[in-house]
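2 protein chains.
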Amino acid sequence: MRELIAKYREKGFKLTPQRLAILNFLDGNTSHPTADDIYREIKKNYPAVSFATVYNTLQALRDRGKVAEITIDFQKKHYDPDIRPHHHIICTECNKIADVFQDYSEALRLPYNIKGEFQSTGNHVNFYGICKKCRNLSRYVSKRENKKRRTKLCA
Amino acid sequence: MRELIAKYREKGFKLTPQRLAILNFLDGNTSHPTADDIYREIKKNYPAVSFATVYNTLQALRDRGKVAEITIDFQKKHYDPDIRPHHHIICTECNKIADVFQDYSEALRLPYNIKGEFQSTGNHVNFYGICKKCRNLSRYVSKRENKKRRTKLCA
DNA sequence: TTACAAATTTAGAATTATTCTAATTTAGAT
DNA sequence: ATCTAAATTAGAATAATTCTAAATTTGTAA
């Protein structure tokens, strides 16, 4: 992200204040925000900012390989400015996502029948689990109740 | 799926004609359909069928662990009636999904820092690649052009 | 059988996520 | 300072999914 700001003059990437704000928000951010999370954050300083700007910027970054889309959440996409190859784990109670830095590439070999059909270009492991906070909370609140809750109890 | 039909009397699961049609469509289906795919299929025989019915049924099946949701596609959910643990590969050109029956569980150990934070309940590997058909087509059609295409050239 | 309660169906509205549009503004090059 | 390509905006459009409330149907049990 930082290095992108440094090299923002790269062909066809204009650095607007809104973009700078998005880049700054993403830089070093390990919260795996959704487009909406980003929109709401930028809106604090740029109340007129449009959703289109957020999606535009994310698309520009994505096209340049500067941000990764994560499909671990069944509801919506999350974005990760850390583009080093890694995997993720999501808490199925509160949807908190954490990075899993572990190289499984040696083990993730495709079976032969697939190799004949597909030429693999990458992989990503989704882990599912319960985070510490939710594990504690679930002693007092049923899972069903917890899931319906709009406001997350943890995180 | 079949065994579900046999045991459909299980507490609180009513077998309506629409449901039976959905169950029959899903049974042994390896195409990983979306809710919309299912809706369109059932509509052929039940023109009045509602989207809500499809989602209702899928939710009922999901709650009973009879169907798996797949998050490999960035656009929408796919459903898999094969509930044996397995993984998937998606063609990034035409979105065709194939099953990957390979047990990676031995290798997919979480790093210690994550183990302290999360209690893992499962994992799923998403593989990305290009299928044979698209590999051949891409000789003639640029990737960009191909992506914009509404009608898939392959599949 | 018939009656009934609970579950399911339906059309359609509502929500949510994402993308597109067209007019206006702005960044960065000259 | 000027200019053009790119980015911004509000708002509409699209797409995926969920919800609602009224009508219907299933499976059970008298």
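For the protein sequence lines, the chains are A and B, in the order given. Counting from 1, one number per residue, gives the positions in the first sequence under my numbering. Counting from 1001, one number per residue, gives the positions in the second sequence under my numbering. Glycine included, C-beta positions come from ideal geometry on N, C-alpha and C.
Per DSSP, cross-strand counterpart(s) of residue i
i: B/D1099; result: B/H1088
i: A/Q119; result: B/I1130
i: A/H78; result: A/I70
i: A/H32; result: A/H32 pairs with nothing; no bridge assigned.
i: A/V125; result: B/V1125
Beta-carbon gap between residue i and residue j smaller than 7 Å
i: B/T1071; j: A/F74; result: yes
i: A/I130; j: A/E93; result: yes
i: B/P1081; j: B/L1026; result: yes
i: A/E106; j: B/K1132; result: no
i: B/A1060; j: B/I1042; result: no
i: A/I89; j: B/V1100; result: no
Neighbour-count burial assignment, residue i, 16 or more Cβ in a 10 Å radius
i: A/T151; result: Because the pLDDT of A/T151 is 34, which lies under 50, any placement of that residue in the model is unreliable, and the question is left without a value.
i: B/R1019; result: buried
i: B/N945; result: The displayed coordinates of chain B run from 1001 to 1155. Any statement about residue 945 of chain B would go beyond what the structure contains.
i: B/K1096; result: buried
i: A/T57; result: buried
i: B/R1040; result: exposed
Nearest to residue i (by Cα), restricted to the options the options
i: B/D1103; options: B/G1028, B/A1035, B/P1085 and B/V1054; result: B/P1085
i: A/A52; options: A/K44, A/R64, A/I38 and A/N24; result: A/I38
i: A/T34; options: A/H78, A/H88, A/Y112 and A/G65; result: A/H78
i: B/Y1046; options: B/K1066, B/N1024 and B/P1017; result: B/P1017
i: A/C91; options: B/G1012, B/N1123 and B/N1024; result: B/N1123
i: B/S1031; options: B/L1108, B/R1109, B/A1098 and B/Q1119; result: B/A1098
i: A/F13; options: A/N24, A/D63, A/D36 and A/N29; result: A/D63
i: B/V1125; options: A/N24, A/V54 and A/L110; result: A/L110
i: B/G1065; options: B/L1108, B/I1083, B/Y1112 and B/K1044; result: B/I1083
i: A/G28; options: A/V67, A/Y112 and A/T121; result: A/V67
i: B/L1108; options: A/Q119, A/H87 and A/S120; result: A/H87
i: B/S1120; options: A/N24, A/C134 and A/A48; result: A/C134
i: A/L203; options: A/Y112, A/V54 and A/K76; result: Any question about residue 203 of chain A goes unanswered here, given that chain A covers just 1 to 155.
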